[in-house]
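This report concerns only the one structure given below.
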Amino acid sequence: MLAAVVHEPGPPSVLTIEEVPFPPLLPGEIIVKVGACGVSYRDVVERNGTYRRDVTFPSILGIEIAGTVEAIGGGVERFAVGDRVCTKAFSSCGQCRYCRTGRETTCRQRRVVKGGYAQYVALAQDAAVAIPNDMPFEVACVLGPGAGVALNAVRDTAHVQVGEAVLVTGATGGVGFPAVQIARHAGAIVYAVTRSETKADALREAGAHHVVIQRVGENYGRELRDMLGGEGVDVVIDTVGSQAFQPAFDALAPHGRYCFVGQLTDQEISINPARIFFKRAQLLGVGSVSRAQLEDAVKMAAAGIVTPRIARVMPLADVAEAHFLVEAATETGRIVLAPWKEGEDRQ
(Lines of atoms letter the chains of each structure in order from A and count residues from 1; the text may use other names and numbers.)
(Lines give C-alpha, C1' and ligand atoms only; values in the text may rest on other atoms or scores of the structure.)
Protein backbone atom coordinates (compact mmCIF):
# COMPACT_ATOMS: atom_id res chain seq x y z
CA MET A 1 0.00 0.00 0.00
CA LEU A 2 1.03 3.65 -0.39
CA ALA A 3 1.82 5.95 2.53
CA ALA A 4 3.51 9.28 3.20
CA VAL A 5 6.54 8.58 5.40
CA VAL A 6 8.75 10.90 7.47
CA HIS A 7 12.23 9.51 8.15
CA GLU A 8 13.57 12.53 10.04
CA PRO A 9 12.18 15.89 11.19
CA GLY A 10 12.39 18.77 8.78
CA PRO A 11 10.47 20.91 6.25
CA PRO A 12 7.48 19.61 4.26
CA SER A 13 9.85 18.10 1.69
CA VAL A 14 10.80 15.32 4.17
CA LEU A 15 7.40 13.72 3.48
CA THR A 16 7.88 11.05 0.82
CA ILE A 17 5.38 8.71 -0.82
CA GLU A 18 6.48 5.09 -0.45
CA GLU A 19 5.26 1.51 -0.73
CA VAL A 20 4.96 0.18 2.82
CA PRO A 21 3.76 -3.14 4.26
CA PHE A 22 0.06 -3.64 4.92
CA PRO A 23 -0.55 -3.06 8.66
CA PRO A 24 -0.84 -6.21 10.80
CA LEU A 25 -4.20 -6.89 12.41
CA LEU A 26 -3.97 -7.47 16.17
CA PRO A 27 -6.67 -8.54 18.66
CA GLY A 28 -8.92 -5.64 19.57
CA GLU A 29 -8.01 -3.75 16.39
CA ILE A 30 -9.70 -2.92 13.10
CA ILE A 31 -8.21 -2.27 9.67
CA VAL A 32 -9.67 0.87 8.10
CA LYS A 33 -9.50 1.75 4.43
CA VAL A 34 -8.76 5.45 4.73
CA GLY A 35 -11.32 7.62 2.96
CA ALA A 36 -9.88 10.91 4.17
CA CYS A 37 -7.34 12.22 6.67
CA GLY A 38 -7.17 15.79 7.92
CA VAL A 39 -3.84 17.60 8.04
CA SER A 40 -3.69 18.96 11.58
CA TYR A 41 -1.19 21.36 13.08
CA ARG A 42 -0.23 18.48 15.36
CA ASP A 43 1.03 16.72 12.23
CA VAL A 44 3.04 19.82 11.30
CA VAL A 45 4.80 20.14 14.65
CA GLU A 46 5.55 16.41 14.71
CA ARG A 47 7.01 16.60 11.22
CA ASN A 48 9.17 19.67 11.92
CA GLY A 49 10.44 18.35 15.26
CA THR A 50 8.75 20.88 17.57
CA TYR A 51 6.49 18.25 19.15
CA ARG A 52 8.44 15.25 20.44
CA ARG A 53 6.24 13.39 22.91
CA ASP A 54 5.72 9.78 21.76
CA VAL A 55 7.27 10.65 18.38
CA THR A 56 9.67 8.23 16.70
CA PHE A 57 10.97 7.96 13.14
CA PRO A 58 10.30 6.70 10.56
CA SER A 59 6.69 7.75 11.03
CA ILE A 60 3.41 7.78 9.13
CA LEU A 61 1.51 10.82 10.38
CA GLY A 62 -2.22 11.44 10.43
CA ILE A 63 -4.57 11.41 13.43
CA GLU A 64 -7.75 12.74 11.79
CA ILE A 65 -8.99 9.62 10.05
CA ALA A 66 -12.27 8.52 8.50
CA GLY A 67 -12.93 5.48 6.38
CA THR A 68 -14.47 2.05 6.06
CA VAL A 69 -13.76 -0.97 8.24
CA GLU A 70 -11.95 -3.48 6.04
CA ALA A 71 -11.22 -6.19 8.63
CA ILE A 72 -11.71 -6.84 12.35
CA GLY A 73 -9.42 -8.56 14.83
CA GLY A 74 -10.27 -10.97 17.60
CA GLY A 75 -12.40 -9.55 20.37
CA VAL A 76 -13.75 -6.65 18.33
CA GLU A 77 -17.42 -6.19 19.18
CA ARG A 78 -18.16 -2.58 18.31
CA PHE A 79 -17.70 -2.82 14.54
CA ALA A 80 -18.27 -5.05 11.55
CA VAL A 81 -16.69 -5.07 8.10
CA GLY A 82 -18.23 -2.28 6.00
CA ASP A 83 -18.95 0.08 8.90
CA ARG A 84 -18.00 3.72 8.37
CA VAL A 85 -15.96 5.28 11.17
CA CYS A 86 -13.95 8.29 12.28
CA THR A 87 -11.31 8.54 15.00
CA LYS A 88 -10.44 10.30 18.18
CA ALA A 89 -6.74 11.06 18.75
CA PHE A 90 -5.91 8.08 20.97
CA SER A 91 -7.05 4.77 22.39
CA SER A 92 -7.34 4.16 26.14
CA CYS A 93 -7.29 1.10 28.40
CA GLY A 94 -10.85 1.43 29.72
CA GLN A 95 -9.84 0.01 33.10
CA CYS A 96 -7.72 2.56 34.98
CA ARG A 97 -9.21 5.01 37.48
CA TYR A 98 -9.25 7.78 34.88
CA CYS A 99 -11.10 5.70 32.30
CA ARG A 100 -13.54 4.37 34.90
CA THR A 101 -14.44 7.91 35.98
CA GLY A 102 -15.00 9.34 32.50
CA ARG A 103 -11.54 10.89 32.21
CA GLU A 104 -10.15 8.62 29.51
CA THR A 105 -8.21 11.49 27.92
CA THR A 106 -5.81 11.21 30.90
CA CYS A 107 -5.39 7.42 30.67
CA ARG A 108 -1.78 6.52 31.50
CA GLN A 109 -1.88 3.71 28.94
CA ARG A 110 -3.32 5.77 26.12
CA ARG A 111 -1.89 5.14 22.68
CA VAL A 112 -1.78 7.89 20.08
CA VAL A 113 -3.63 7.27 16.83
CA LYS A 114 -1.37 7.59 13.79
CA GLY A 115 -1.09 6.37 10.26
CA GLY A 116 -3.84 8.22 8.40
CA TYR A 117 -1.45 9.34 5.66
CA ALA A 118 -1.83 5.88 4.10
CA GLN A 119 -4.33 3.82 2.18
CA TYR A 120 -4.97 1.52 5.15
CA VAL A 121 -4.42 1.90 8.89
CA ALA A 122 -4.77 -0.38 11.92
CA LEU A 123 -6.66 1.17 14.83
CA ALA A 124 -7.69 0.04 18.30
CA GLN A 125 -11.48 -0.30 18.25
CA ASP A 126 -11.64 2.08 21.21
CA ALA A 127 -10.23 4.88 19.03
CA ALA A 128 -13.07 4.82 16.49
CA VAL A 129 -16.76 5.72 16.48
CA ALA A 130 -19.43 5.07 13.88
CA ILE A 131 -20.57 7.76 11.44
CA PRO A 132 -23.75 7.97 9.34
CA ASN A 133 -23.67 6.48 5.86
CA ASP A 134 -24.34 9.85 4.24
CA MET A 135 -21.61 11.76 6.07
CA PRO A 136 -18.68 12.54 3.75
CA PHE A 137 -15.33 11.21 4.91
CA GLU A 138 -13.71 14.63 4.50
CA VAL A 139 -16.18 16.02 7.04
CA ALA A 140 -16.06 13.08 9.44
CA CYS A 141 -12.27 12.91 9.62
CA VAL A 142 -11.91 16.35 11.23
CA LEU A 143 -14.65 15.93 13.85
CA GLY A 144 -12.56 14.24 16.58
CA PRO A 145 -9.55 16.53 16.98
CA GLY A 146 -11.69 19.46 15.79
CA ALA A 147 -15.34 19.60 16.84
CA GLY A 148 -14.88 16.97 19.55
CA VAL A 149 -12.14 18.95 21.29
CA ALA A 150 -14.15 22.16 20.84
CA LEU A 151 -17.15 20.47 22.48
CA ASN A 152 -14.94 19.36 25.36
CA ALA A 153 -13.73 22.94 25.80
CA VAL A 154 -17.01 24.84 25.42
CA ARG A 155 -19.51 22.47 27.01
CA ASP A 156 -17.67 20.15 29.37
CA THR A 157 -14.75 22.28 30.61
CA ALA A 158 -15.88 25.92 30.41
CA HIS A 159 -19.58 25.06 30.96
CA VAL A 160 -20.63 27.98 28.77
CA GLN A 161 -24.05 29.36 29.69
CA VAL A 162 -26.68 31.26 27.72
CA GLY A 163 -25.81 34.96 27.44
CA GLU A 164 -22.15 34.64 28.41
CA ALA A 165 -19.46 36.36 26.35
CA VAL A 166 -17.00 33.86 24.85
CA LEU A 167 -13.72 34.77 23.16
CA VAL A 168 -12.22 32.20 20.76
CA THR A 169 -8.61 32.64 19.64
CA GLY A 170 -7.39 31.05 16.42
CA ALA A 171 -11.03 31.07 15.41
CA THR A 172 -10.51 29.89 11.83
CA GLY A 173 -8.49 26.86 12.96
CA GLY A 174 -9.54 23.25 13.27
CA VAL A 175 -10.71 23.65 16.89
CA GLY A 176 -11.48 27.36 16.83
CA PHE A 177 -14.02 27.22 14.00
CA PRO A 178 -16.28 24.58 15.58
CA ALA A 179 -15.80 26.27 18.98
CA VAL A 180 -17.41 29.38 17.47
CA GLN A 181 -20.33 27.29 16.20
CA ILE A 182 -20.81 25.37 19.44
CA ALA A 183 -20.58 28.47 21.64
CA ARG A 184 -23.15 30.22 19.45
CA HIS A 185 -25.44 27.17 19.66
CA ALA A 186 -25.07 27.29 23.47
CA GLY A 187 -26.51 30.80 23.45
CA ALA A 188 -23.26 32.70 24.04
CA ILE A 189 -22.19 36.03 22.58
CA VAL A 190 -19.17 35.00 20.52
CA TYR A 191 -16.04 37.08 19.87
CA ALA A 192 -13.84 35.39 17.25
CA VAL A 193 -10.17 36.33 16.96
CA THR A 194 -8.26 36.02 13.68
CA ARG A 195 -5.14 37.54 12.16
CA SER A 196 -6.75 37.87 8.73
CA GLU A 197 -9.47 40.33 7.75
CA THR A 198 -10.23 38.17 4.71
CA LYS A 199 -11.52 35.44 7.04
CA ALA A 200 -13.94 37.67 8.94
CA ASP A 201 -16.98 36.88 6.78
CA ALA A 202 -16.47 33.13 7.21
CA LEU A 203 -16.43 33.58 11.00
CA ARG A 204 -19.62 35.62 10.93
CA GLU A 205 -21.25 32.92 8.83
CA ALA A 206 -20.13 30.37 11.43
CA GLY A 207 -21.95 32.30 14.14
CA ALA A 208 -19.52 34.88 15.52
CA HIS A 209 -21.29 38.02 16.70
CA HIS A 210 -18.05 40.01 16.61
CA VAL A 211 -14.75 39.45 14.79
CA VAL A 212 -11.55 40.75 16.41
CA ILE A 213 -8.55 41.25 14.11
CA GLN A 214 -5.34 40.53 16.02
CA ARG A 215 -2.55 42.65 14.58
CA VAL A 216 1.13 42.23 15.38
CA GLY A 217 2.15 44.35 18.35
CA GLU A 218 -1.40 45.35 19.27
CA ASN A 219 -3.28 44.29 22.39
CA TYR A 220 -7.01 44.11 21.73
CA GLY A 221 -7.74 42.83 25.25
CA ARG A 222 -8.17 46.11 27.10
CA GLU A 223 -10.15 47.63 24.23
CA LEU A 224 -12.48 44.64 24.20
CA ARG A 225 -12.92 44.84 27.97
CA ASP A 226 -13.85 48.50 27.65
CA MET A 227 -16.38 47.60 24.94
CA LEU A 228 -18.00 45.27 27.46
CA GLY A 229 -18.48 47.94 30.09
CA GLY A 230 -15.13 47.36 31.77
CA GLU A 231 -15.97 43.75 32.58
CA GLY A 232 -14.64 41.62 29.75
CA VAL A 233 -15.52 38.17 28.45
CA ASP A 234 -16.70 35.36 30.70
CA VAL A 235 -14.81 32.61 28.87
CA VAL A 236 -11.70 32.38 26.71
CA ILE A 237 -11.28 29.34 24.46
CA ASP A 238 -7.59 29.65 23.55
CA THR A 239 -6.60 27.38 20.69
CA VAL A 240 -3.31 29.21 20.00
CA GLY A 241 -1.45 29.33 23.32
CA SER A 242 1.40 31.61 24.34
CA GLN A 243 1.24 33.90 21.31
CA ALA A 244 -2.40 34.74 22.07
CA PHE A 245 -2.31 34.68 25.87
CA GLN A 246 -1.59 38.32 26.82
CA PRO A 247 -4.47 40.08 25.04
CA ALA A 248 -6.88 37.19 25.67
CA PHE A 249 -6.19 37.19 29.41
CA ASP A 250 -6.49 40.99 29.47
CA ALA A 251 -9.95 40.58 27.93
CA LEU A 252 -11.06 38.13 30.63
CA ALA A 253 -13.68 39.35 33.11
CA PRO A 254 -13.52 38.85 36.89
CA HIS A 255 -14.38 35.23 37.74
CA GLY A 256 -13.74 34.33 34.10
CA ARG A 257 -12.67 30.90 32.85
CA TYR A 258 -9.61 30.66 30.64
CA CYS A 259 -9.43 27.36 28.72
CA PHE A 260 -6.09 26.33 27.23
CA VAL A 261 -6.80 24.11 24.24
CA GLY A 262 -3.74 24.44 22.01
CA GLN A 263 -0.10 25.52 21.92
CA LEU A 264 1.36 26.18 18.48
CA THR A 265 4.93 27.10 19.45
CA ASP A 266 7.49 26.28 22.14
CA GLN A 267 7.23 29.83 23.49
CA GLU A 268 6.39 30.13 27.20
CA ILE A 269 4.24 32.67 29.01
CA SER A 270 4.98 34.74 32.09
CA ILE A 271 2.35 36.16 34.43
CA ASN A 272 2.29 37.66 37.89
CA PRO A 273 0.08 35.34 40.00
CA ALA A 274 -1.60 38.41 41.47
CA ARG A 275 -3.26 39.02 38.09
CA ILE A 276 -4.90 35.62 38.42
CA PHE A 277 -6.21 35.91 41.96
CA PHE A 278 -7.28 39.56 41.63
CA LYS A 279 -9.46 38.44 38.73
CA ARG A 280 -10.52 35.27 40.57
CA ALA A 281 -9.71 33.66 37.24
CA GLN A 282 -9.89 29.94 36.58
CA LEU A 283 -7.16 28.51 34.33
CA LEU A 284 -8.40 25.27 32.79
CA GLY A 285 -6.66 22.68 30.64
CA VAL A 286 -8.61 20.92 27.90
CA GLY A 287 -7.33 17.47 27.01
CA SER A 288 -8.28 15.94 23.67
CA VAL A 289 -11.68 14.27 23.12
CA SER A 290 -13.38 11.29 24.73
CA ARG A 291 -15.42 8.67 22.89
CA ALA A 292 -18.68 10.11 24.28
CA GLN A 293 -17.73 13.63 23.21
CA LEU A 294 -16.83 12.46 19.71
CA GLU A 295 -20.12 10.60 19.42
CA ASP A 296 -21.91 13.82 20.40
CA ALA A 297 -19.84 15.81 17.87
CA VAL A 298 -20.87 13.37 15.12
CA LYS A 299 -24.53 13.89 16.08
CA MET A 300 -24.06 17.67 16.03
CA ALA A 301 -22.50 17.50 12.58
CA ALA A 302 -25.31 15.25 11.33
CA ALA A 303 -27.81 17.81 12.65
CA GLY A 304 -26.01 20.71 10.98
CA ILE A 305 -25.05 22.39 14.26
CA VAL A 306 -21.37 21.89 13.49
CA THR A 307 -20.38 22.34 9.84
CA PRO A 308 -16.65 21.81 9.36
CA ARG A 309 -15.22 24.08 6.68
CA ILE A 310 -13.09 22.09 4.24
CA ALA A 311 -10.70 24.27 2.28
CA ARG A 312 -9.24 21.58 0.00
CA VAL A 313 -9.25 17.84 -0.51
CA MET A 314 -5.84 16.90 -1.92
CA PRO A 315 -4.35 13.61 -3.14
CA LEU A 316 -1.81 11.88 -0.93
CA ALA A 317 0.89 12.68 -3.48
CA ASP A 318 0.45 16.38 -2.61
CA VAL A 319 1.09 15.87 1.11
CA ALA A 320 4.12 18.22 1.18
CA GLU A 321 2.08 21.00 -0.40
CA ALA A 322 -0.70 20.32 2.10
CA HIS A 323 1.73 20.83 4.98
CA PHE A 324 3.03 24.02 3.40
CA LEU A 325 -0.54 25.39 3.17
CA VAL A 326 -1.32 24.50 6.79
CA GLU A 327 1.86 26.24 7.99
CA ALA A 328 1.14 29.30 5.85
CA ALA A 329 -2.38 29.57 7.39
CA THR A 330 -3.70 31.18 4.22
CA GLU A 331 -6.68 28.83 3.82
CA THR A 332 -9.96 29.16 5.68
CA GLY A 333 -10.84 25.64 6.70
CA ARG A 334 -9.19 22.26 6.88
CA ILE A 335 -6.82 20.70 4.40
CA VAL A 336 -7.74 17.05 3.89
CA LEU A 337 -5.81 14.25 2.18
CA ALA A 338 -7.53 11.56 0.11
CA PRO A 339 -5.22 8.52 -0.07
CA TRP A 340 -7.05 6.98 -3.04
CA LYS A 341 -6.80 8.37 -6.55
CA GLU A 342 -9.78 10.11 -8.06
CA GLY A 343 -12.15 7.54 -9.50
CA GLU A 344 -11.09 4.78 -7.12
CA ASP A 345 -13.75 3.51 -4.75
CA ARG A 346 -13.23 5.04 -1.30
CA GLN A 347 -16.42 3.51 0.08
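Position 91, counted from 1, in the sequence shown is what this note's numbering calls 75; the numbers after and before it change by one each time, with no gaps. By construction, the Cβ of each residue, glycine as well, lies at the ideal position given by its N, Cα and C atoms.
- Relative to Val273, the option among Tyr204, Pro(-5), Arg94, Glu13 whose CA is nearest is Arg94.
- In this structure Glu(-8) is exposed. Its beta-carbon is surrounded by fewer than 16 other beta-carbon atoms within 10 angstroms.
- The count of Cβ pairs closer than 8 Å, one atom from the region 206 to 218 and one from the region 181 to 191, stays below three, leaving the stretches out of contact.
- For a cut-off of 8 Å, the C-beta gap from Asp218 to Glu148 is around 4 Å, short enough to register as a contact.
- The count of Cβ pairs closer than 8 Å, one atom from the region 12 to 20 and one from the region 88 to 106, reaches three, so the stretches are in contact.
- Residue burial is scored here from C-beta neighbours: Phe261 has fewer than 16 other C-beta atoms within 10 angstroms and is therefore classed as exposed.
- The C-beta distance from Gln165 to Ala190 rounds to 5 Å, short enough to meet the 8 Å contact threshold.
- Glu3 carries a strand assignment under DSSP once its states are collapsed to helix, strand and coil.
- Contact check for Arg318 against Ile289 fails: the beta carbons are separated by 8 Å or more.
- Positions of the beta strand (DSSP E) runs, each at least 3 residues long and wholly inside the region 7 to 82, are given as 13 to 22, 48 to 56, 68 to 71 in order along the chain.
- DSSP places Tyr101 in the coil class of the three-state scheme, outside both helix and strand.
- DSSP places Val126 in the coil class of the three-state scheme, outside both helix and strand.
- DSSP, read as helix, strand or coil, puts Ala(-13) in strand.
- Take Thr34, set aside five residues on each side of it, and the residues of its chain with a beta-carbon closer than 7 Å to its own are Asp250, in chain order.
- Rounded to the nearest whole angstrom, the CA to CA distance from Met(-15) to Glu3 is 6 Å.
- Per DSSP, the beta bridge partners of Gln266 are Arg241.
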